[in-house]
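Residue numbers (the numbering used here): 1243 to 1356.
Beta carbons: idealized from backbone N, C-alpha and C, even for Gly.
Since we're looking at a predicted model, the values are computed, not measured.
Comments concern the structure below.
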């Protein structure tokens, strides 16, 4: 299984970006798909999770600004990021936590300038 993340870039504070994560296998094979991020010099941080049942969970730091969604027909998970802040600057990874071992995409860089 491969996950390919895309959509990162350089934006200004309060702007938006939408990240995409394309899976090489059916998303319906997996209960949960998640986004995590890692800022330079910091530990990796969980951002959001989408479950097969439609439930979504968010870290407090992004709640109300980010939206995770999944298109099972396209085998793609999205992360819509609105009202971006400089502290959102990080390498963003999509991942499947329920796989053994967990499956990670290659990451896409998001940089938010003040």
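Query	Result
Determine the closest residue to residue 1285 out of 1333, 1344 and 1320, with distance taken between C-alpha atoms.	1333
Around the Cβ of residue 1312, are there at least 16 other Cβ atoms within 10 angstroms (buried) or fewer (exposed)?	buried
In terms of residue numbering, what span does the beta strand (DSSP E) encompassing residue 1204 cover?	The question about residue 1204 has no answer here: the residues shown for the chain are numbered 1243 through 1356.
Leaving out the 5 sequence neighbours to the left and right, which residues in its chain are closer than 7 Å to residue 1281 when beta-carbon positions are compared?	1331 and 1332
Once DSSP output is grouped into helix, strand and coil, what is the label at residue 1342?	coil
List the DSSP bridge partners of residue 1321.	1261 and 1310
Answer with buried or exposed for residue 1243, where buried requires no fewer than 16 other C-beta atoms within 10 angstroms of its C-beta.	exposed
Write down the C-beta distance between residue 1350 and residue 1250 rounded to the nearest angstrom, noting that I regard them as a contact closer than 8 Å.	4 Å
Am I right that residue 1288 and residue 1278 are in contact with their C-beta atoms under 8 Å? What's the rounded C-beta distance?	5 Å
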